[in-house]
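Line order of the protein sequences matches chains L and E.
Taking the numbering used here, the leading residue of the first sequence gets 48, the next gets one more, and so forth.
Taking the numbering used here, the leading residue of the second sequence gets 791, the next gets one more, and so forth.
Beneath this line is the structure, given in structure tokens, with notes to follow.
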Amino acid sequence: MAWRVAQDLRDGMVVNLGIGLPTVVADHLPPGREILLHSENGVLGMGPKPAPGQEDHDLINAGKQPVTLKTGGCFFHHADSFAMMRGGHLDVCVLGAFQVAGNGDLANWHTGEPGAIPAVGGAMDLAIGARETWVMMSHCTKAGEPKIVERCSYPLTGLGCVRRIYTDLAVMALDAAGARVMAMAAGVDAGSLQARTGIPLRFD
Amino acid sequence: MIDKRVATLAEALADVRDGATVMVGGFGLAGQPMASLEALLDQGARELTIVCNNAGNGEDGLAALIAAGRVRKIVCSFPRQADSWHFDREYRAGRIALELVPQGNLAERIRAAGAGIGGFFTPTGYGTALAEGKETRFLDGRWQVFETPLHADLALILAERGDRWGNLTYRMTARNFGPIMAAAARCTVAAVHEIVELGGLDPEAVVTPGLFVQRVVQVPRRTT
């Protein structure tokens, strides 16, 4: 999944990778492309994780893991960092999700269950600010329920923001006409994919 | 003569009152002013409102202040973490209030306070539970939510170098909320790893101009 997302990032793009699954995309960036990774805690030009023993606790990513800085990279404070996000200066953000709706609504910050502690971080800012929001998630829940749904039942992060969905089964584009399948994983066919998806899919 | 250097954190925090709103710099542990938080714990102020991106990690710093029952409310974007057990327990027991704020709104509300802005409209959070009850307007082709500035009595920040005028530089991602919190608080106490002579900081590289800082205290560098 991470490999596939990485192949779709073009030379020169400025990209924010959300915490969790999307962070892995950084390990699969195609060589020969200059892709600038932005991290909400104040880095542009983030590099891969450091060699063991080279970690610096002042140089971390949004998931608070040690990272490196590429030559040409720079640091800035939080208001500047979120100006980059909210001001429309990022090409793509890749976020994890609990659910995505056919109209592009995203839910990824709160299960809404009693006793659950919500944590939103920068997800709402990325959802409205990045030029495109891509979601990376398992196609279904552990119980086998579709995560791509007609309407999100979890609390929303952003309205109509998701443009692409990458799952373990397929890559889908969302537009005004609904969801179009761009690619399917080996061994997946249209019928089985549709059966695991809560909205109608186009295979044109 | 302007000299903002204070010998100890205990002295720098002696006047913190019960009920104070305290901004705490740091994103995770990077830039978290651990020594200042320990001094605030020793100082004894209670019923604090804390403005910080996270709600404490492990046992030290902000987590220790929460564990000691000294925090009444926390304004933050990302409280839930693998090691936020003190906050988790206090929150579930109803002993600490949480104002959850999208991180960009947190940063911009702090920036607005420091810049004398009375509020702003932003698309962030529109249509979500975090914007419920807030004023909205259709501006620039999209729905936006009105957000208000976040002021504080005190900001505790960690910087790399400082001088006696309060000019500061930072180290890598430890910069995070430091510069905007310094501007937003009535009193900013900067813990720094090194105090240099006036002129010892490249004027082109000063990140926080000294007028935003009231007290500068040198603290040892921590290795973790």
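Idealized CB from N, CA, C, for every residue including glycine.
The model shown is predicted, which means the values in this text are computed figures rather than measured ones.
Only exposed fits L/Glu81, as fewer than 16 other CB atoms lie within 10 angstroms of its CB. Bridge pairing for E/Lys863: E/Thr839 and E/Ala887 [DSSP].
Per the Cβ contact rule, the stretch 951-962 of chain E is in contact with the stretch 995-1008 of chain E (3 or more Cβ pairs under 8 Å).
The beta-carbon of E/Met824 is placed no less than 8 Å from the nearest beta-carbon of chain L. According to the DSSP assignment, L/Trp181 belongs to the beta strand (DSSP E) that extends over Glu179 to Met183. Here E/Ile907 is exposed: its Cβ has fewer than 16 other Cβ atoms, across all protein chains shown, within 10 Å.
Rounded to the nearest angstrom, the gap between the Cα atoms of L/Asp236 and L/Val147 is 21 Å. With the criterion set as a beta carbon lying under 7 Å from some beta carbon of chain E, the members of the stretch 183-217 of chain L are Pro202, Leu203, Thr204 and Leu206, in sequence order. Rounded to whole angstroms, L/Ala174 and E/Met791 show a C-alpha spacing of 49 Å.
When secondary structure is reduced to three states using DSSP, E/Leu831 falls in the helix class. By the neighbour-count criterion, in which a residue is buried when 16 or more other Cβ atoms sit within 10 angstroms of its Cβ, L/Pro77 is exposed. Here E/His983 carries a strand assignment [DSSP, helix/strand/coil]. Of the other Cβ atoms in all chains shown, fewer than 16 fall within 10 Å of the Cβ of E/Leu988; this residue is therefore exposed.
Neighbours of E/Gly968 in chain L, taken as residues at a C-beta separation under 8 Å, are given in chain order as His124. A distance of 8 Å or more separates the beta carbons of E/Ala835 and E/Arg870. Look at the stretch 794-824 of chain E: the residues with a C-beta under 8 Å from a C-beta of chain L are Phe817, Gly818, Leu819, Ala820 and Gly821.
Residue nearest to E/Ala973 within the set E/Ala981, E/Ala942 and E/Ala810 is E/Ala942 (criterion: CA-CA distance).
Runs of the alpha helix (DSSP H) lying entirely within the stretch 926-974 of chain E, each at least 4 residues long, are 968-974 in chain order. Listed in chain order, the non-local C-beta contacts of E/Ala897 below 8 Å within the same chain comprise Phe967 and Ile970, local neighbours out to five positions each way being set aside. About 6 Å separates the beta carbon of E/Ala800 from that of E/Ala829, a gap short enough to meet the 8 Å contact definition. Rounded to the nearest whole angstrom, the C-alpha separation of E/Gln833 and L/Met183 is 47 Å. Any Cβ of chain E closer than 8 Å to the Cβ of L/Lys111 would place that residue at the interface, and such an atom is present. Going by C-alpha positions, E/Gly894 is about 20 Å away from E/Thr811. Taking a beta-carbon distance threshold of 8 Å, E/Leu890 counts as an interface residue toward chain L.
Scanning chain L for C-beta atoms nearer than 7 Å to the C-beta of E/Gly915 yields Met171, reported in chain order. In chain order, Ile164, Pro165 and Ala166 make up the part of chain L whose C-beta sits under 9 Å from the C-beta of E/Pro869.
Our two residues, L/Arg210 and E/Phe1002, have alpha carbons roughly 42 Å apart in a direct line. Contact with chain L is absent for E/Gly923, since none of that chain's Cβ atoms lies less than 8 Å from the residue's Cβ.
For E/Ile886 against E/Val865, the beta-carbon gap comes to about 11 Å, at or over 8 Å, which does not count as contact. Within 7 Å of the CB of E/Gly894, the CB atoms of chain L belong to Phe129, Met132, Arg133, Gly169 and Asp172, in sequence order along the chain. Distance check between L/His186 and each of L/Glu179, L/Thr180 and L/Lys194 places L/Lys194 closest, using alpha-carbon atoms only. Residues of the stretch 945-975 of chain E whose Cβ lies closer than 8 Å to any Cβ of chain L, in chain order: Tyr960, Arg961, Met962, Thr963, Ala964, Arg965, Asn966, Phe967, Gly968, Pro969 and Ile970.
The three-state secondary structure of E/Met824, taken from DSSP, is helix. Under the DSSP assignment, E/Ile900 falls in the alpha helix (DSSP H) whose first and last residues are Gln893 to Ala905.
For L/Asp105, at least one C-beta of chain E is nearer than 8 Å to its own C-beta. Under the DSSP assignment, L/Val141 falls in the beta strand (DSSP E) whose first and last residues are Val139 to Leu142.
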